[in-house]
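What follows is a short report on a single structure.
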DNA sequence: ACTGAATATATCGGCTGCCGATATATTCTG
DNA sequence: CAGAATATATCGGCAGCCGATATATTCAGT
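Chains as they are written, first to last, in my numbering: chain A, 1 to 120; chain B, 1001 to 1120.
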């Protein structure tokens, strides 16, 4: 699963949203760190739909503008959960190894004086 | 940062390793979940070197076979730490939203046994 | 002695996927 | 009336992953 797909699924995890709403939601939930681009979105949406992870929930016309809402399927929910698990495990493994690298004696991998503070 | 790059950095976080060793290490540390391919590795290694996140540590000839060891730079360590932080945050956000989606009343996004059959 | 697997390096082409640019249309703000 | 925001969608370039391929040595099995 790509990063973009993961964040789209995450944005849809609590409630159905439309494309533009997903864009804003991803930016918000990641605190501005992840910027999902418009050009990326629809490709991801199509792929996730083809994979059965999301479905078109409904179409609304709000103030003259079409809103196409998507929601997670059961499979999408499961996939997101599994991916979140993998990511947490990966992040945890990385942190642990950073700590191991620091305490290791022999040939410390470029651990300078200014580093310790930033890595906690 | 791509997934492949992240896992290469993670594999190098505790001590310097050579290409083939990284391959095996990534598979091991991810419990077989991540399979870094040979064709992917050297491109990643080149890119990480160009970005200054890793450097060639040394070259050894062990039993007639060349071993090219890489290690993290300070910048690489910082980048890995930051990426691990982002991943943990993303995983956490996803988990939280999954929980929110489940407890939410009105239009539950495909949660529960009753919906399971009908959603496709 | 020979074969195949493992170890170890590296390259190349195809395919997938991200993103900037672009297009269209309505509403709201200045 | 112009520009920004909302909202959709497509297209082409480029980056990056991966299977296939090439080369060379060591080790285990027959």
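We treat Cβ as the ideally placed atom computed from N, Cα and C, and that holds for glycine.
Query raised in the report: Hey, does residue 1118 (chain B) have any beta-carbon neighbour from chain A nearer than 8 Å?
Result: Indexing the second chain from 1 puts residue 1118 (chain B) at position 118. Because the pLDDT of residue 1118 (chain B) is 30, which lies under 50, any placement of that residue in the model is unreliable, and the number read from its coordinates should be weighed accordingly. For residue 1118 (chain B), the nearest beta carbon of chain A is not closer than 8 Å to its own beta carbon.
Report task. Closer than 9 Å by beta-carbon distance: list the chain B residues that pair up with residue 101 (chain A), in chain order. Result -> In the first chain, counting from the first residue as 1, residue 101 (chain A) sits at position 101. Residues of chain B passing the Cβ test: 1012, 1013, 1014, 1015, 1072, 1077.
Requested in this report: Name, going along the chain, the residues of the segment 27-58 of chain A whose beta-carbon falls closer than 9 Å to a beta-carbon of chain B.
Outcome: Across the segment 27-58 of chain A, CB contacts with chain B closer than 9 Å involve 29, 30, 31, 33, 34, 52, 55, 57, in sequence order along the chain.
Requested in this report: Could you tell me whether the Cβ of residue 1090 (chain B) comes closer than 8 Å to any Cβ of chain A?
Outcome: Along the second chain, read from residue 1 onward, the residue named residue 1090 (chain B) stands at position 90. Interface annotation, residue 1090 (chain B): in contact with chain A, CB-CB separation under 8 Å.
Query raised in the report: Quick one: any contact between the segment 1090-1097 of chain B and the segment 84-91 of chain A, if contact means 3 or more CB pairs under 8 Å?
Result: Yes, the segment 1090-1097 of chain B touches the segment 84-91 of chain A.
**Report entry** Span of the beta strand (DSSP E) around residue 1061 (chain B)
**Finding:** As a first step, residue 1061 (chain B) must be located in the second chain, where it is residue number 61. For residue 1061 (chain B), the uninterrupted beta strand (DSSP E) run begins and ends at 1054-1062, by DSSP.
Query raised in the report: Does residue 1065 (chain B) come within less than 8 Å of chain A when only Cβ atoms are used?
Result: Residue numbering aside, residue 1065 (chain B) sits at position 65 when the second chain is read from its first letter. For residue 1065 (chain B), the nearest beta carbon of chain A is not closer than 8 Å to its own beta carbon.
Report task. For residue 68 (chain A), name the three-state secondary structure that DSSP assigns. Result -> Taking the first chain and counting its residues from 1, one reaches residue 68 (chain A) at position 68. Assigned with DSSP and collapsed to three states, residue 68 (chain A) falls in strand.
Query raised in the report: What residues are listed by DSSP as bridge partners for residue 17 (chain A)?
Result: Taking the first chain and counting its residues from 1, the one referred to as residue 17 (chain A) is at position 17. Note: residue 17 (chain A) sits in a beta bridge opposite A:70.
Query raised in the report: Mapping DSSP to helix, strand and coil, what is residue 1092 (chain B)?
Result: Walking along the second chain from the start, residue 1092 (chain B) turns up at place 92. Residue 1092 (chain B): helix per DSSP, three-state reduction.
Report task. Report, in whole angstroms, the separation of the C-beta atoms of residue 97 (chain A) and residue 1082 (chain B), which I expect to be a contact under 8 Å. Result -> Numbered from its first residue, the first chain carries residue 97 (chain A) at position 97. Numbered from its first residue, the second chain carries residue 1082 (chain B) at position 82. Actually they do not touch by this definition, with Cβ atoms about 15 Å apart.
Query raised in the report: Counting contacts by CB-CB distance shorter than 8 Å, is residue 1194 (chain B) in contact with chain A?
Result: Here chain B comprises residues numbered 1001 to 1120, so residue 1194 (chain B) is not present and cannot be evaluated.
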